[in-house]
Amino acid sequence: MVVWFSAGISLRDLVKPVLQFAAPFIIMSLLLGMFAWPWANQQSALFRDRFEQRGVLSMIAAGRFIEPAKGNYVLFIEGIDADMKHARNVFVANAEADKIGVALAHQGQFRTMPNGDRMVVMENGRRYAGTPGKIDYRIVEFDQYAVKVDNKPPESEANLPTKSRDTIDLLRSPTNENLGELLWRLSLPLLAFNFVLIAIPLAYVNPRLGRYTPLVFAVLIYLTYSNVINLSQAWVRSGSIPFSMAWWPFHLIALLGAVLLFRYRQNRSLGGWRAVFGLPRKGRNRGSQA
Numbered sequence: 330m331v332v333w334f335s336a337g338i339s340l341r342d343l344v345k346p347v348l349q350f351a352a353p354f355i356i357m358s359l360l361l362g363m364f365a366w367p368w369a370n371q372q373s374a375l376f377r378d379r380f381e382q383r384g385v386l387s388m389i390a391a392g393r394f395i396e397p398a399k400g401n402y403v404l405f406i407e408g409i410d411a412d413m414k415h416a417r418n419v420f421v422a423n424a425e426a427d428k429i430g431v432a433l434a435h436q437g438q439f440r441t442m443p444n445g446d447r448m449v450v451m452e453n454g455r456r457y458a459g460t461p462g463k464i465d466y467r468i469v470e471f472d473q474y475a476v477k478v479d480n481k482p483p484e485s486e487a488n489l490p491t492k493s494r495d496t497i498d499l500l501r502s503p504t505n506e507n508l509g510e511l512l513w514r515l516s517l518p519l520l521a522f523n524f525v526l527i528a529i530p531l532a533y534v535n536p537r538l539g540r541y542t543p544l545v546f547a548v549l550i551y552l553t554y555s556n557v558i559n560l561s562q563a564w565v566r567s568g569s570i571p572f573s574m575a576w577w578p579f580h581l582i583a584l585l586g587a588v589l590l591f592r593y594r595q596n597r598s599l600g601g602w603r604a605v606f607g608l609p610r611k612g613r614n615r616g617s618q619a
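Residue numbers for the sequence shown follow the numbering used here, so the first one is 330 and each next one is one higher.
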């Protein structure tokens, strides 16, 4: 910075080359916030939903106990044919209220119903039902006993969280939740632009204060800036402040702060902050009285 000043170049002359250097990064933050970030979240959410909602039949293996995440039963199949349609020695235990039921069958088969439900149909077996600790167990022999093992709802992007939805979808459905997410995405490139301008006057190093003092101020400004963005997003989501009045004020304040920092750095020899606001400089020599 001293070399620039000694060459007769002012802080204003640094704005253009610095912005030219930072422009690709600002554009990248815009594209990432508007498109790449929601797409990545969308793929992550869909993959997580597919994993959590995967059918029980896809997890069935011979000799394993299967307990679905969303179910109140335990399934065990000793053997499965190569065609994955017939099973041998099927065991199902389920709980209903304070009763427990256990069904056993030497054979069974897998069926998919017209409505999409997938069933394990046990054949020629026996079912025991009763309350633990009591002797009033009921024993029923059956020709067929069906257990629904998968009723997975169709995957839909409408159920995705707000941060995983496309920017176009947020604009089409301007709810408070969607507008809050849109505010955060718009704030990324604006924050990057303002922080580039703020960084130029902060790059000036005063040897008396140390070379890392501007870095400390930069970190504090960034933390304050990002927290204000998150706070504004929360206000929009809760409906406390309309989106039209929440997305721009703090960015304008940051821009004005950058302008004031520029004027302060350029007018240090003229009185620092007093020169910025046009106040008279302290310590002027008073004219001698006649």
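Idealized CB from N, CA, C, for every residue including glycine.
Only a predicted model underlies this, so the values are computations on that prediction, with no experimental measurement involved.
Check                                                                                                     : Outcome
D410 versus R501 - alpha carbon distance                                                                  : 50 angstroms
Nearest-angstrom Cα separation, counted from S561 out to A351                                             : 26 angstroms
DSSP three-state assignment for E498, whether helix, strand or coil                                       : Strictly speaking, residue 498 in this sequence is Asp, with Glu absent from that position. The answer is helix: DSSP assigns D498 an H, G or I state.
Close Cβ partners of G408 (< 6 angstroms) along its chain, the five nearest in sequence each way excluded : A391 and R417
CB of M448 within 8 angstroms of CB of A422, strictly                                                     : no
Proximity of Q360 and P530 at Cβ, strictly below 8 angstroms                                              : Checking the sequence shown, residue 360 turns out to be Leu, not Gln. Not a contact, by the Cβ cut-off of 8 angstroms.
Residue nearest to P571 in terms of C-alpha spacing, selected from V557, A528 and T504                    : T504
Rounded straight-line distance, which links the Cα of V545 to that of L581                                : 23 angstroms
Assigned secondary structure, I395 (DSSP; H/G/I helix, E/B strand, else coil)                             : strand
Rounded distance between the beta-carbons of L489 and R455, thought under 8 angstroms                     : No, R455 and L489 are not in contact; Cβ-Cβ is about 45 angstroms, not under 8 angstroms.
Three-state secondary structure assigned by DSSP to D472                                                  : strand
Through-space distance from A369 to M357, alpha-carbon basis                                              : 15 angstroms
DSSP-derived helix/strand/coil call for S598                                                              : Low per-residue confidence applies at S598: pLDDT is 46, beneath 50, and the placement is therefore not dependable, though the value from the model is reported in the following sentence. Looking at S598 - three-state DSSP - the assignment turns out to be helix.
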